[in-house]
Amino acid sequence: MKSHALAAGVLLLVVAVPGLAQMPKYGVTTTADKDTDFSTFKTYTWEPGWQTYDKAVHAQIVAAVDRELAALGLSKQASGPSDVVVTYASLRRTDVDLNSKPTVGHGGRKQYDVGTLVLLLREPETRKELFRARVDKPIEAEPAKMQAVIDSAIAEMFAKYPTRLRK
């Protein structure tokens, strides 16, 4: 009896997994601490996170975040006390479209390079997470196109910043 239940469970898994393996949804998700008044923040400092290994891409991410924070009225502090601490983590992965037809001769399915960027604003003393923004977006491998992708992704993240949502 147990083997029938196990076989039924495996069969259910085999039938259900392809339906779950759809192309992921790309875009921005954010969370913000409900008890925080984001309009009081005036300064920020950077702290290391899981930075991209590519130094040029790292500089582009930091510059884009600096621009967005400056547009919100925050000033960057090189060191010392600040209202918030900013960090980011980046990841590059390959997504496979399981619904695409296998290519002739190769048998593989269509693949996409995807970048994930997570940006955190934290309270300096407690490290309490105040704002988290995550973007998952198909990316171009060409360095000339990366700046536009980074700028667009970070602008989308900050479009959902609490003080911008109130307007």
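According to our numbering, the sequence shown is numbered sequentially starting from 875.
Cβ coordinates follow ideal geometry from the N, Cα and C atoms, glycine included.
Exercise. Ends of the beta strand (DSSP E) at SER985?
Worked result: Note that residue 985 is Gln in the sequence shown, not Ser. For GLN985, the enclosing beta strand (DSSP E) begins and ends at 985 to 996.
Exercise. Where does SER964 fall in DSSP's three states?
Worked result: The answer is strand: DSSP assigns SER964 an E or B state.
Exercise. DSSP on PRO955, reduced to helix/strand/coil?
Worked result: DSSP places PRO955 in coil when its eight states are reduced to three.
Exercise. If you draw a straight line from the alpha carbon of ARG1048 to that of ARG967, how long is it in whole angstroms?
Worked result: Nothing about residue 1048 can be reported from this structure: the residues present for the chain run from 875 to 1041 only.
Problem set entry | Exposure of ASP909, with buried meaning 16 or more beta-carbon neighbours within 10 Å | In this structure ASP909 is exposed. Its beta-carbon is surrounded by fewer than 16 other beta-carbon atoms within 10 angstroms.
Exercise. DSSP puts TYR918 in a beta bridge; with which residues?
Worked result: Per DSSP, the beta bridge partners of TYR918 are LYS950 and VAL958.
For this session: Would you identify the three-state DSSP class for ASP969, choosing helix, strand or coil?
Result: Residue state, collapsed to three classes: strand.
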